[in-house]
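Q: In order, the protein sequences belong to chains Z and H. First residue of the first sequence? That's 473 in the working numbering, and the numbers climb one at a time after it. First residue of the second sequence? That's 146 in the working numbering, and the numbers climb one at a time after it.
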Amino acid sequence: MDLKEKLISSFLAFENSTATDTNIHQIRSESFQLFEQHGFPSKKEEDWKYTSIREVLKPDYRIFSSTESDINLNEVKKYFIHEIDTYKLIFVNGIYNSLLSTTTHDGVDICVMSSAFTKPKYKMVVDFYFNKIINKNQHFANLNTSFATEGAFINIPKNVVVSKPIEIIYFNTGTDAELMLQPRNLVVVGENSHVQIMERHQSLKENTVLTNAVTEIFAHKRAIVDFYKIQNDLDTASLIDNTFVSQQKESIVSVNTFSFGGKFIRNNLEFYQEDERITSNLNGFSIIGKEQLAANYTLVHHKQPNCESHELYKGIYADQSTGVFNGKIIVDRDAQKTNAFQQNNSMLIDDNASINSKPQLEIFADDVRCSHGCTIGQLDDKAIFYLRSRGIPEKEAKALMLYAFGNDVLEKIKIPELKTRITKIIAMKLKVDLSLEL
Amino acid sequence: MLSIKNLHAGLENKEILRGIDLEIKAGEIHAIMGPNGSGKSTLSSVIAGNETYEVTQGEILFENESIMGFSPEERAHKGVFLSFQYPIEIPGVTVTNFIKTAINETRKSKGLEDMPAKDLLKLIREKAALLEIDRNFLSRSLNEGFSGGEKKRNEIFQMAMLEPKLAILDETDSGLDIDALKIVANGVNKLKNENNAVLVITHYQRLLDYIVPDFVHVLHNGKIVKSGGKELAFELEEKGYDWLK
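(1) Expressed to the nearest angstrom, what Euclidean distance is found between the alpha-carbon atoms of residue 290 (chain H) and residue 568 (chain Z)?
(2) May I ask you to report which of helix, strand or coil DSSP gives residue 640 (chain Z)?
(3) What three-state label does DSSP hand residue 285 (chain H) in the structure shown?
(4) Quick check on residue 841 (chain Z): buried or exposed, where buried means 16 or more other Cβ atoms within 10 Å of its Cβ?
(5) Only counting the same chain, and skipping five residues up and downstream in sequence, which positions put a Cβ closer than 7 Å to that of residue 523 (chain Z)?
(6) Quick check: the segment 773–785 of chain Z against the segment 537–545 of chain Z, are at least 3 beta-carbon pairs closer than 8 Å?
(7) Would you mind stating whether residue 661 (chain Z) and residue 692 (chain Z) have Cβ atoms separated by less than 8 Å?
(8) Please state whether the Cβ-Cβ distance between residue 776 (chain Z) and residue 799 (chain Z) is less than 8 Å.
(9) When the Cα of residue 902 (chain Z) is compared with those of Z:519, Z:818, Z:789, which residue comes out closest?
(10) Is residue 260 (chain H) helix, strand or coil by DSSP?
(11) Are the segment 640–650 of chain Z and the segment 666–675 of chain Z touching, with three or more C-beta to C-beta distances below 8 Å?
(12) Could you work out which residue in Z:487, Z:553, Z:529 is closest to residue 513 (chain Z) when comparing CA atoms only?
(13) If you drop the 5 nearest sequence neighbours on each side, which residues of the same chain put their C-beta closer than 8 Å to that of residue 547 (chain Z)?
(14) With DSSP collapsed to three states, give me the class of residue 568 (chain Z).
(15) In whole angstroms, what is the alpha-carbon distance linking residue 925 (chain Z) and residue 889 (chain Z)?
(16) Starting from residue 209 (chain H), find everything on chain Z with Cβ-Cβ shorter than 8 Å and list it in chain order.
(17) For a test of the three-state rule: what should DSSP assign to residue 892 (chain Z), helix, strand or coil?
(18) Which of the three DSSP states, helix, strand or coil, is assigned to residue 225 (chain H)?
(19) Chain H partners of residue 880 (chain Z), CB-CB under 7 Å?
(20) At 3 residues or longer, and completely inside the segment 562–625 of chain Z: list those beta strand (DSSP E) runs for me, N to C.
(21) Any beta carbon from chain Z within less than 8 Å of residue 161 (chain H)'s own beta carbon?
(22) Could you tell me which residues DSSP pairs with residue 794 (chain Z) in its beta bridges?
(23) In chain order, what residues of the same chain lie with their CB nearer than 7 Å to the CB of residue 495 (chain Z), ignoring the 5 residues before and after it?
(24) According to DSSP, is residue 649 (chain Z) part of a helix, a strand, or is it coil?
(25) Express the C-alpha separation of residue 883 (chain Z) and residue 479 (chain Z) in angstroms, rounding to a whole number.
(26) Between residue 788 (chain Z) and chain H, is the shortest Cβ-Cβ distance under 8 Å, so that the two count as touching?
(27) At 7 Å on the CB atoms, spell out the chain H contacts of residue 872 (chain Z), in chain order.
(28) Check distances from the C-beta atoms of the segment 850–864 of chain Z to those of chain H and list, in chain order, the residues that come in under 8 Å.
(29) With a threshold of 8 Å between beta carbons, is residue 876 (chain Z) in contact with chain H?
(30) With distances taken Cα to Cα, identify the nearest neighbour of residue 376 (chain H) among H:212, H:360, H:364, H:369.
(31) Let me know the secondary structure DSSP gives residue 192 (chain H) once reduced to three states.
(32) Within the 8 Å Cβ cut-off, does residue 187 (chain H) reach chain Z?
(33) When you check each C-beta in the segment 217–229 of chain H against every C-beta of chain Z, which residues fall closer than 7 Å?
What follows is the structure, given as structure tokens:
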């Protein structure tokens with residue numbers, strides 16, 4: 473039985489176990505119909521040409537975890553940003569772990585989708601937002617919706633600055649040899665409100681796991697949302713992340729994606745600007761090696777006048793790794809005075825590493841500023857010699873230059889403790905002790 | 146301290162240095178002058194261990210030990226310092242952090258512990274004062290957005306911090322206005338003592354008004370064609386290089 477067939481039979485069993493008279497049921501069924509019809513994307517599709525998923529789909533995944541696995545705090549503590557106080561939404565093998573989590577309903581709702589789906593007080597929010605900005609052409613997003621049961625539910629009313637950042641971590645304990653996880657997040661941020669969110673998928677053991685995640689973010693008038701994706705999983709983990717952002721007037725949403733670990737990472741990130749004077753920031757920094765793949769497919773859809781988008785993606789590719797950047801920008805006819813910037817810089821540090829970089833601009837307005845730039849380079853020998861001449865060994869010198877290369881993306885991180893953490897991950901990734909007080 | 150014998154070096158079959166002989170003793174200041182393309186920068190790079198250049202003949206001894214097989218960092222650890230004509234920008238790494246890394250790597254090579262932060266800060270303050278460097282400057286990213294003069298001053302600051310035995314100043318005067326030139330030269334003079342040596346590489350005589358050499362060598366077409374005292378620099382300034390060809 474291939475994965476698609478398996479998903480079909482699992483879906484039937486899954487749907488039988490849930491209430492069928494709800495809107496959610498309707499949405500799941502429709503999404504599954506789409507998935508059934510179109511299946512998984514093939515390499516023939518332009519958007520999947522450079523990220524073949526054949527290998528990723530091969531294992532005999534369990535669609536739901538077989539066990540409710542317990543983990544203790546000591547085992548996973550190192551994955552938390554413990555230098556600061558945070559709200560925590562922790563999931564283990566797809567199941568919410570209340571012991572490790574810190575939720576709140578005090579003025580804001582920082583809790584889980586399973587309760588949002590079932591509790592009457594959230595019905596309005598769920599009916600209004602759930603699955604409303606999903607791109608129906610995204611095969612994996614439709615699949616996620618079909619099985620959507622659990623994930624982070626963040627609902628911030630207007631005029632609230634959420635006092636501390638929110639950490640969402642999905643752990644996989646390895647009790648299932650081959651497991652598929654499909655977490656689903658919904659983030660609604662009211663007028664004038666501000667929230668910072670960090671999301672991470674982490675395997676604790678080397679089992680084969682495929683995470684197909686969806687996050688929907690709604691930013692109302694003048695809302696500010698900073699979202700950080702920390703992708704540093706084990707070599708046995710693959711991730712397909714689908715994030716959709718809908719923005720209202722004068723809102724500022726930033727999504728920062730850091731891809732270091734994992735076998736296969738595919739990020740589909742889509743921004744929809746629904747009103748005027750909106751700012752969208754998309755930043756990414758990848759450092760991969762071995763046979764890893766990290767792909768960033770982005771879309772910014774400018775629909776209204778006087779909006780901005782700033783896109784900066786950098787990548788360092790070693791060994792036989794592959795990077796992909798595909799940045800699509802659509803500027804509608806009405807979206808006059810749009811400012812759209814896009815930049816993709818890559819560094820290939822081994823002969824067998826590769827990067828496919830593709831800007832895709834579709835501009836239908838005439839009074840706009842759109843620019844895109846793409847560079848692919850190697851480490852500068854002169855720079856390395858400079859550092860070595862000061863007594864810094866070759867390996868450290870190279871690491872320092874690579875760190876410097878990605879520095880402008882790191883500068884976008886507004887949580888200092890997270891910046892420190894990511895710098896440490898980078899040092900580990902570059903196999904040096906960057907003992908700098910960076 | 147430095148002894149270069151019949152040094153031939155070049156890039157991909159193109160010979161640039163065609164038999165250099167040079168002796169520098171502790172306590173001396175030497176200047177190498179010469180027109181563009183004479184091989185000045187190649188010579189400084191080869192002494193510092195730049196692997197881009199291939200040495201085909203000859204030998205370089207530093208403190209009576211051949212350093213031909215040594216990497217640039219090993220030469221640095223032994224006390225060779227090269228001040229660059231075009232220093233590299235490193236965004237995200239502050240001047241302070243960079244110098245800390247350089248000092249501690251050198252100490253590590255000698256089996257020493259990292260320098261305690263307190264001592265390091267004291268040293269930084271002392272050397273920054275010597276070169277009239279503002280404190281804000283030290284927390285800026287290394288060379289990023291620095292003016293030509295700031296870059297050069299930062300090079301000499303690093304030299305002051307690392308206290309090399311042999312300092313090679315490659316075109317340190319280029320891009321400096323007269324005030325900056327005086328500060329840089331003053332710094333070099335203060336750091337100079339009987340145990341270390343300086344090799345100044347320059348196109349113009351200007352810098353040598355402030356860093357007064359004991360010996361001047363003229364490099365032309367990859368060879369030292371004339372050596373003399375400081376008066377040779379004045380002669381070159383007056384007559385140009387043509388009369389030596």
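The beta-carbon is built from N, C-alpha and C at its ideal position, and this holds for glycine as well. Just so you know, these numbers come straight off a predicted model, no measurement behind them.
A: In short:
(1) If you number the second sequence from 1, residue 290 (chain H) lands on position 145. If you number the first sequence from 1, residue 568 (chain Z) lands on position 96. Computed Cα separation, rounded: 49 Å.
(2) The sequence position of residue 640 (chain Z) within the first sequence is 168, counting from 1. Correct three-state label for residue 640 (chain Z): strand.
(3) The residue given as residue 285 (chain H) occupies position 140 in the second sequence. DSSP, reduced to helix, strand and coil, places residue 285 (chain H) outside both helices and strands of the structure shown, so it counts as coil.
(4) The residue you call residue 841 (chain Z) lines up with position 369 of the first sequence. Exposed, because fewer than 16 other Cβ atoms sit within 10 Å of the Cβ of residue 841 (chain Z).
(5) Numbered from its first residue, the first sequence carries residue 523 (chain Z) at position 51. Scanning its chain for C-beta atoms nearer than 7 Å, with the 5 sequence neighbours on each side dropped, one finds around residue 523 (chain Z) the residues 738, 765, 767, 796, in chain order.
(6) Result no; under three Cβ-Cβ pairs closer than 8 Å.
(7) What you label residue 661 (chain Z) is simply residue 189 of the first sequence in a count that begins at 1. What you label residue 692 (chain Z) is simply residue 220 of the first sequence in a count that begins at 1. Contact: yes.
(8) On the first sequence, position 304 is the one that residue 776 (chain Z) refers to. On the first sequence, position 327 is the one that residue 799 (chain Z) refers to. Not a contact, by the Cβ cut-off of 8 Å.
(9) As a working note, residue 902 (chain Z) is residue 430 in the first sequence. The shortest Cα separation from residue 902 (chain Z) among Z:519, Z:818, Z:789 belongs to Z:789.
(10) Against the second sequence, residue 260 (chain H) aligns to sequence position 115. Three-state DSSP puts residue 260 (chain H) in coil, outside helix and strand.
(11) Contact between the segment 640–650 of chain Z and the segment 666–675 of chain Z is present, because at least three Cβ pairs lie under 8 Å.
(12) Taking the first sequence and counting its residues from 1, the one referred to as residue 513 (chain Z) is at position 41. When each option's Cα is compared against that of residue 513 (chain Z), the closest is Z:529.
(13) Numbered from its first residue, the first sequence carries residue 547 (chain Z) at position 75. Within the same chain, residue 547 (chain Z) has close Cβ partners 676.
(14) As a working mapping, residue 568 (chain Z) is identified with position 96 in the first sequence. Note: residue 568 (chain Z) maps to strand in three-state DSSP.
(15) Residue numbering for chain Z in the displayed model covers 473 to 910; residue 925 (chain Z) lies beyond these limits and cannot be assessed.
(16) The residue you call residue 209 (chain H) lines up with position 64 of the second sequence. Result: empty, since nearest Cβ-Cβ is about 21 Å, beyond 8 Å.
(17) Locating residue 892 (chain Z) in the first sequence gives position 420, where the first residue counts as 1. Residue 892 (chain Z) falls in the helix class under three-state DSSP.
(18) As a working mapping, residue 225 (chain H) is identified with position 80 in the second sequence. Of the three classes helix, strand and coil, the one that applies to residue 225 (chain H) here is strand, per DSSP.
(19) Here residue 880 (chain Z) corresponds to residue number 408 of the first sequence, with the count starting at 1. Per Cβ cutoff of 7 Å: 236.
(20) Considered as a whole, the segment 562–625 of chain Z harbours 581–584 as its complete beta strand (DSSP E) runs of no fewer than 3 residues, in chain order.
(21) Working through the second sequence from its first residue, we reach residue 161 (chain H) at position 16. Output row for residue 161 (chain H): interface = no.
(22) Locating residue 794 (chain Z) in the first sequence gives position 322, counting from the first residue. When DSSP reads this structure, residue 794 (chain Z) sits in a beta bridge with Z:765, Z:826.
(23) For this step, residue 495 (chain Z) is matched to residue 23 along the first sequence. Taken in chain order, the residues that qualify are 599.
(24) Locating residue 649 (chain Z) in the first sequence gives position 177, where the first residue counts as 1. DSSP places residue 649 (chain Z) in coil when its eight states are reduced to three.
(25) Taking the first sequence and counting its residues from 1, one reaches residue 479 (chain Z) at position 7. Taking the first sequence and counting its residues from 1, one reaches residue 883 (chain Z) at position 411. Here the alpha carbon of residue 479 (chain Z) sits roughly 42 Å from the alpha carbon of residue 883 (chain Z).
(26) On the first sequence, position 316 is the one that residue 788 (chain Z) refers to. Interface with chain H (8 Å Cβ-Cβ cutoff): residue 788 (chain Z) is excluded.
(27) As a first step, residue 872 (chain Z) must be located in the first sequence, where it is residue number 400. Among the residues of chain H, those whose CB is under 7 Å from the CB of residue 872 (chain Z) are 235, 238, following chain order.
(28) Within the segment 850–864 of chain Z, the residues whose Cβ lies closer than 8 Å to some Cβ of chain H are 852, 853, 854, 855, 857, 858, 859, 860, 861, 862, 863, 864, listed in chain order.
(29) Stepping through the first sequence from its first residue, residue 876 (chain Z) is reached at position 404. Taking 8 Å as the CB threshold, residue 876 (chain Z) lines the interface with chain H.
(30) As a position in the second sequence, residue 376 (chain H) is number 231, starting the count at 1. With distances taken between Cα atoms, residue 376 (chain H) lies closest to H:360.
(31) Numbered from 1 along the second sequence, position 47 holds the residue referred to as residue 192 (chain H). Of the three classes helix, strand and coil, the one that applies to residue 192 (chain H) here is helix, per DSSP.
(32) Mapped onto the second sequence, residue 187 (chain H) falls at position 42. Chain Z contact via Cβ: absent.
(33) Listed by position, the residues of the segment 217–229 of chain H near chain Z (Cβ gap below 7 Å) are 217, 218, 221, 222, 227, 229.
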